[in-house]
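Residue numbers (our numbering): 36 to 652.
Below is one structure, written out as structure tokens, with a few remarks after it.
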């Protein structure tokens, strides 16, 4: 074998090195191209969604212009029957805004998406048409409590309705299957959960047979926002509803929700194949609801004292709901309030069906003054005289806030919607959510709580893309009724510098700061290694300090870093990304932040009770 000279070897190595560099360069270019492609694909997807959103907005505007003429003022062959049934069966003389338009559209075999506020009368939109036509309407609802509530109401007025879900007995299921196919059956409304649709092949088989014999008059999907991953309460089993459209091609679909942005509506249309449907939106404003945010007392006993005072004085002999974040909070709070002589009961997903039904009944009959319910499970009730809804902790999203608050005052009389704000509760939510989207939704609720000047209704309307005139509030929120002009102002820049020093000090000692540890270090009460000797103790209460820290989190001068142990997720406070984007001295929010004096513990006593409402008969 011929030997390779050193020069030849060096030449080969040089060529290989050159090729290697070219390959590396190509790999870098490929990586950059992939990143750019991913970025542009996301941009294209965003633009397509924006185009769909704009088309939907245009569709809504066009529908709104012709709504009165085409769907409200116009007489249909069923109009007289509708008015008679409305009066005789449901006891109403007139329809609420947009109800009649949606009813006429669905009876005309149009697919409809209806966005109507909680308490606006969505259930009537599918219950009344079911009585006009032969066959039965299939109603998909995620809330068993709402289904049970509606069945009770329908039974009272002599309308045959049934339900199938995981707790339905085999005998009942068999009877309902027979009624689905029996032409002479008096069944008018069949309620099912999405989980049942997803798991029962026998039910889907029966449904197809009912369709083939013209027994199904329509499909109504309640809480239709649950179809969308962009919705505040996405449920995977709603994904199976996309199979219904091709299977029930001639049946009109009716989707109903109280909370859906344009993005959610676009997603729902695609998922359910309802691209050409009518979109009808009713005004979001509930003029009889008074919105208020209050600082949550710092100790457990103080919270219980506050709630006891509310329930025994302000809301004596009136019913309401207290929402909590977790099942344990629901149970424990109910026990503590019971120990103080209050008639309350917990309501959450781990209760047995018969327990839920009994608690629900006793609450409807005013045996219980309050139901302490979990946010995740939802109540799904239809009780008209709920005088107050209290969020014991900050809600997870603006949609949750709006929907849960909307369960108050369905009788059109004044009712209170109160959020008790604590930064600790917000941080707890961040440890419970599992996506960036959920974190963004929680942040919007934080902004709602921290905003000290804007009309609460204006914030809600802006979130749901509704044009708002501040005068429409009519002094029915804490800002518009009194005007928060009594502020204590703090130098945000110096506070931010101090807090960052505390974080750096902890990092140098291999420590991470929870909210309580940060506050302890700042107020010079924690371990010495977390303190800074020359740092001045802030001239504010710990509660005000929480609000200032929340403001810095909202403006991204602080951030949350999640830590994990065997049992839980922990929220640690770290420097935010805005620290790297600009100097602290150039805070975009301005040098000073104003905190209302209501956050001063000693000045809160008179402000803790909601604004006195007009007496409710």
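Using N, Cα and C, we set each Cβ at its ideal position, and we do this for glycine too.
- The Cβ atoms of residue 295 and residue 150 sit closer than 8 Å to each other.
- In the assembly as shown, residue 419 is an exposed residue. Its beta-carbon has fewer than 16 other beta-carbons within 10 Å.
- Straight-line spacing of the CA atoms in residue 243 and residue 320 works out to 40 Å.
- Within the DSSP bridge table, the entry for residue 140 names no partner.
- Under the three-state reduction of DSSP output, residue 483 falls in the helix class.
- Judged by pairs of C-beta atoms under 8 Å, the region 200-209 does not touch the region 275-289, as fewer than three such pairs exist.
- Residue pairing by DSSP places residue 426 opposite 358, 454 in a beta bridge.
- In the displayed model, residue 550 falls within a helix according to three-state DSSP.
- In the three-state scheme derived from DSSP, where H, G and I count as helix and E and B as strand, residue 164 is classed as helix.
- Under a 10 Å Cβ-count criterion, residue 385 is classified as exposed, with fewer than 16 other Cβ atoms of the shown protein chains found around its own Cβ.
- Taking the Cβ atoms as the reference, residue 147 lies roughly 15 Å from residue 262, outside the contact range of under 8 Å.
- Looking at the backbone, the Cα of residue 422 and that of residue 80 are separated by about 44 Å.
- Positions of the beta strand (DSSP E) runs, each at least 3 residues long and wholly inside the region 184-242, are given as 196-199, 224-227 in order along the chain.
- Boundaries of the beta strand (DSSP E) around residue 172: 171-175.
- In the structure shown, residue 288 falls within a strand segment according to DSSP collapsed to helix, strand and coil.
- Of the residues 355, 393, 278, the one whose Cα lies closest to the Cα of residue 377 is 355.
- Take the alpha-carbon of residue 478 and the one of residue 589: they are about 7 Å apart.
- The secondary-structure analysis by DSSP pairs residue 325 across a beta bridge with 451.
- Assigned with DSSP and collapsed to three states, residue 499 falls in coil, not helix or strand.
- Less than 8 Å separates the beta-carbon of residue 379 from that of residue 403.
- Counting the other CB atoms within 10 Å of its CB gives residue 77 a total below 16, which places it among the exposed residues.
- Within the same chain, 241, 244, 245, 248, 250 come within 8 Å of residue 216 by CB-CB distance, once the 5 residues on both sides are set aside.
- A contact is defined here as three or more CB-CB pairs under 8 Å, and the region 155-170 fails this definition with respect to the region 229-241.
- Its Cα nearest to that of residue 602, the residue 467 stands out among 534, 471, 467, 490.
- Of the residues assessed, residue 40 falls on the exposed side of the cut-off, its CB having fewer than 16 other CB atoms within 10 angstroms.
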